[in-house]
Each structure stands twice: as C-alpha cells, then as structure tokens.
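I have placed the structure first, in the form of structure tokens, so that the comments after it can refer back to it.
There are 2 protein chains.
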Amino acid sequence: MTDCKILHYTDSIHYELEQTARLMRILTLQLFTKLGITISLDEYCALDTISINRQICQRDLAKLILKDRANTTRILNELEKKEYITRIIDTKNNRLVKKLEITQKGIDELNSISIKIKSYIDNVTKKIAPEEVEKVQMILKHFRLDLEKVVEMNI
Amino acid sequence: MTDCKILHYTDSIHYELEQTARLMRILTLQLFTKLGITISLDEYCALDTISINRQICQRDLAKLILKDRANTTRILNELEKKEYITRIIDTKNNRLVKKLEITQKGIDELNSISIKIKSYIDNVTKKIAPEEVEKVQMILKHFRLDLEKVVEMNI
DNA sequence: ATAATATTGTTGTAAATGCAACACATTTTT
DNA sequence: AAAAATGTGTTGCATTTACAACAATATTAT
C-alpha cells in the first residue's frame, strides 16, 4: 500500500547521475587502455587542472579534483616521477606550501592525450543536440555549486 | 598557440558529470552516517533494485548496479547476513542461478531508509526548477542508453 | 609567554574495487 | 561422443580509496 507512494532511490536524479557518470568513466578508462595512454585518468585530470591553475598548491588542487590530500599526494608523486610536473617549495599566507608547475613534457603529454581522445569524447554526445548538452552542463554546474555549500569537505 | 584550441577535459561534460556525481555521492554517504543508517549506500541501491526487479538473478543485478560479479556477490552476502534478502536456487535457461528475493525485514528497512532520506534528497534539487530537473534526468537517461551501446561490459 | 588551534603535506591502515582465475554445469561444435 | 565454448557464481590478489594519525610550522587565545 505505502509501497507505491515512496520514491525509489533508483528513480532519483542522484542515482541517474551516478550511473551515467560511472558508465562514462568506464568508457573513458577503456579508451585510455585501448589508446595505450600510460598515465591514469586521475593523473590526467590532475595534470589538466594544474595546467589551468598554475602555481596551485596541493591542498587547493585536492579541493578541485575532489580527492583527499593523501591521494592527491600519491597522484602527484606519480606525475613528478614521470617528470610531468615539478613541486616548488614556496609560501602562501606565511605557510610553507608545495606549489605545482607543469613541465613542457607535461604540456606535451597533456595535449597529446587531449587530441587522441577528442573524437571519442565527442562521439558520445553526438546524438544529442549541442544546445541540450550545454544546458545539461549548465544545470549540472548549478547543482554542483549548491552541493558544494552543503557537503562538508574536510580536505 | 595550439594550447588554446584544445578543449580541456575538465571543461567537458564527462568531467562535469563525474564531479557532480562524486559530490552527490559524498553528500549521501555523509547523510547515511549522520542518520545512523547501518547498511552501505551500495547495499541500499542493490536492495532497492531487487525490490523493483523481483526474482532477478545475481548477474542481471550486477548489470543493473554496474558492479562486477565479484562485488555483487559480496554486497549480497552482506544483505543476506542481515536477513534483508534470500537467495533461491533456481534455473534460468536450464542453468542454475541464484534468484534474489527481498524479505519483509528488507522491505521495512528499505522503506525506513527511503523515508528518512527523502527530505534531504529533495533539498538538493530545491533551488532548481522541477521541469529542469526532469529534463536533465531525461537527457541523462538518453546519454546512458547511448553509452550502454558503446561500453563493453564483460559482466 | 605559553598553550591551544589551524594549515599543509605525508604515512599507515583498513575497506572497497577491479580483474583474473577457478569451479561447475550446460550448450554448441567437431 | 568428445571437445570447446558459454553462463553462473565464488575466491584471491593487487590496486585504489577513505580515514586517521602524524610532523612541522604559523596563528590565535589565554
């Protein structure tokens, strides 16, 4: 009786979002292995974020990529080992921080990957009208800003 | 020069989707602990899916919740231990399968959680027009169906 | 001035996840 | 009829992840 009145979680936008994102991630991971890309998807995201936010410190990067500090450290260790970034000891508000800088080798790798995956990435949204894609992206960003206010991120 | 022509991955809908979904998941996980809900979010999703797809077998469930068989097994072990589901040995196309059935205790728990989290879940989309939420959900489903055709799921 | 708190990054550890291998039965191929 | 392939579920292991504790320094409170 009461059964039909209750909204199923699997009908909610939360679940729909998670499932779609999950599938997209799986697809991108498969693409990375298929194209023989040697850095992980998370490393690629971090590298891309660093390329846009020059001189960002580790903690701020962690906030952007939504990983905790520990895992951000590990991702950056990998990127540094591969010589795609350098860590520069500096200060921010009188505190010692490690600012991140992408190397030329990192820029080249980033561009190389972006070009490689472009057509595959575009292909996914091919069947959906561009204005709809943009609209979804806009609403998602709106969502995200609201979410950021509510979620307690202790990073 | 070529730098500005390349679309950054972090500007793509892939990344926007993943980040938004990630935040939503973090929020829901925090909600679960705050409300003292004793099953995991994944267990809850599985239970909800079983309640909608009665007599589903493990492999078909795995396809729906987008987990591999191994992890589906583990999630179901937990749910069975907590007496929220039972596994019924049966056949499907002459093959032995374990069909899943939700127990009364499972239904009660499911409803209890759904009621508990409802207001919080609604709250997230409060500031966005309902028709926009519906539109996003519709387009996401469209996305997802396209994705399912492309992604190789070896479950 | 001393103690408490906060910021930044690292390390340790337990849990979650993905992937491969296995077991077992059934279907299909040769 | 024998062999190969397929479908179903489980176990094992290596990787990823989240969370907590730590180290070092700077700020704030008492």
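First to last, the sequence lines map onto chains A and B.
Residue numbers for the first sequence follow this note's numbering, so the first one is 1 and each next one is one higher.
Residue numbers for the second sequence follow this note's numbering, so the first one is 1 and each next one is one higher.
Even glycine gets a Cβ: it sits at the ideal position worked out from N, Cα and C.
Using the beta-carbon count (16 or more within 10 Å), is residue 67 (chain A) buried or exposed? Around the beta carbon of residue 67 (chain A), 16 or more other beta carbons sit within 10 angstroms, so the residue counts as buried.
For chain A, find out if any of its Cβ atoms is closer than 8 Å to the Cβ of residue 25 (chain B); answer yes or no. Interface with chain A (8 Å Cβ-Cβ cutoff): residue 25 (chain B) is included.
Hey, is residue 48 (chain B)'s beta-carbon within less than 8 Å of any beta-carbon in chain A? Yes, contact with chain A.
Is the beta carbon of residue 138 (chain A) closer than 8 Å to that of residue 63 (chain A)? One thing to note: residue 63 (chain A) has its Cβ no nearer than 8 Å to the Cβ of residue 138 (chain A).
Neighbour-count burial assignment, residue 46 (chain A), 16 or more Cβ in a 10 Å radius: By the Cβ neighbour-count rule, residue 46 (chain A) is buried, with 16 or more other Cβ atoms within 10 Å of its own.
If you measure from the beta carbon of residue 30 (chain A) to each beta carbon in chain B, is any gap under 8 Å? Chain B contact via Cβ: present.
Presumed contact (8 Å Cβ cut-off) between residue 17 (chain A) and residue 129 (chain B), rounded CB distance: Between residue 17 (chain A) and residue 129 (chain B), the beta carbon gap of about 17 Å keeps them out of contact (Cβ cut-off 8 Å).
State the Cα-Cα distance for the pair residue 79 (chain B) and residue 60 (chain A), rounded to the nearest angstrom. Distance from the CA atom of residue 79 (chain B) to the CA atom of residue 60 (chain A), rounded to whole angstroms, is 39 Å.
Interface residues of chain B facing residue 76 (chain A) [CB-CB closer than 8 Å]: Chain B residues near residue 76 (chain A): none, gap ~17 Å exceeds 8 Å.
Tell me, please, whether the CB atom of residue 69 (chain A) is closer than 8 Å to any CB atom in chain B? For residue 69 (chain A), no CB of chain B lies under 8 Å from its own CB, so it is not counted at the interface with that chain.
If residue 100 (chain A) sits next to residue 85 (chain A), beta carbons under 8 Å apart, how far is it from one beta carbon to the other, in whole angstroms? Right, the Cβ-Cβ distance comes to about 6 Å (below 8 Å), so this counts as a contact.
Is it a yes or a no for the segment 137-151 of chain A touching the segment 27-38 of chain A, going by three-plus beta-carbon pairs under 8 Å? At 8 Å Cβ cutoff, the stretches do not touch.
Would residue 58 (chain B) and residue 49 (chain B) be called neighbours here (beta carbons separated by less than 8 Å)? Taking C-beta atoms as the reference points, residue 58 (chain B) and residue 49 (chain B) fail to come closer than 8 Å.
DSSP three-state label for residue 14 (chain B), please. The answer is helix: DSSP assigns residue 14 (chain B) an H, G or I state.
Listed in chain order, which residues of the segment 134-150 of chain B have Cβ atoms closer than 8 Å to some Cβ of chain A? Hits within the stretch, in order: 135, 136, 137, 139, 140, 141, 142, 143, 144, 146, 147, 148 and 150.
Inter-residue CB distance, residue 51 (chain B) and residue 117 (chain B) (contact presumed, cutoff 8 Å): Wrong, their Cβ atoms sit about 15 Å apart, outside the cutoff.
Could you give the C-beta distance for residue 124 (chain A) and residue 146 (chain B), rounded to a whole number, given that I count them as a contact under 8 Å? The C-beta separation of residue 124 (chain A) from residue 146 (chain B) comes to about 7 Å, placing the pair in contact by the 8 Å criterion.
8 Å Cβ cutoff, residue 57 (chain A) in contact with chain B: Taking Cβ atoms only, chain B never reaches closer than 8 Å to residue 57 (chain A), which makes this a no.
Residues bridged to residue 86 (chain B) [DSSP beta-bridge criterion]: Bridge partners of residue 86 (chain B): B:101.
Select from A:75, A:69, A:122 and A:92 the residue whose C-alpha is nearest the C-alpha of residue 55 (chain A). Ranking A:75, A:69, A:122 and A:92 by Cα distance to residue 55 (chain A) puts A:92 first.
Residue nearest to residue 42 (chain A) in terms of C-alpha spacing, selected from A:35, A:31 and A:75: For the set A:35, A:31 and A:75, the Cα lying nearest the Cα of residue 42 (chain A) is the one of A:75.
Beta carbon proximity, residue 17 (chain B) to chain A, threshold 8 Å: Answer yes: the Cβ-Cβ gap between residue 17 (chain B) and chain A drops below 8 Å somewhere.
Per the DSSP calculation, residue 92 (chain B) is bridged to which residue(s)? B:95.
8 Å Cβ cut-off: residues of chain A touching residue 105 (chain B): Residues of chain A whose Cβ lies closer than 8 Å to the Cβ of residue 105 (chain B) do not exist, since the nearest Cβ in that chain is about 15 Å away.
Closer than 7 Å by beta-carbon distance: list the chain A residues that pair up with residue 9 (chain B), in chain order. Ordered by position in chain A, the residues that pass the 7 Å Cβ test against residue 9 (chain B) are 44, 45, 48 and 114.
Under 8 Å between C-beta atoms, does residue 80 (chain A) make it to chain B? Chain B contact via Cβ: absent.
Can you give the Cα-Cα distance for residue 70 (chain B) and residue 10 (chain A), rounded to whole angstroms? The straight-line gap from Cα to Cα measures roughly 22 Å.
Under 8 Å between C-beta atoms, does residue 13 (chain B) make it to chain A? It does: the Cβ of residue 13 (chain B) has a partner Cβ on chain A nearer than 8 Å.
Buried or exposed: residue 119 (chain A), going by 16 or more other Cβ atoms within 10 Å of its Cβ? With fewer than 16 other Cβ atoms within 10 Å, it is exposed.
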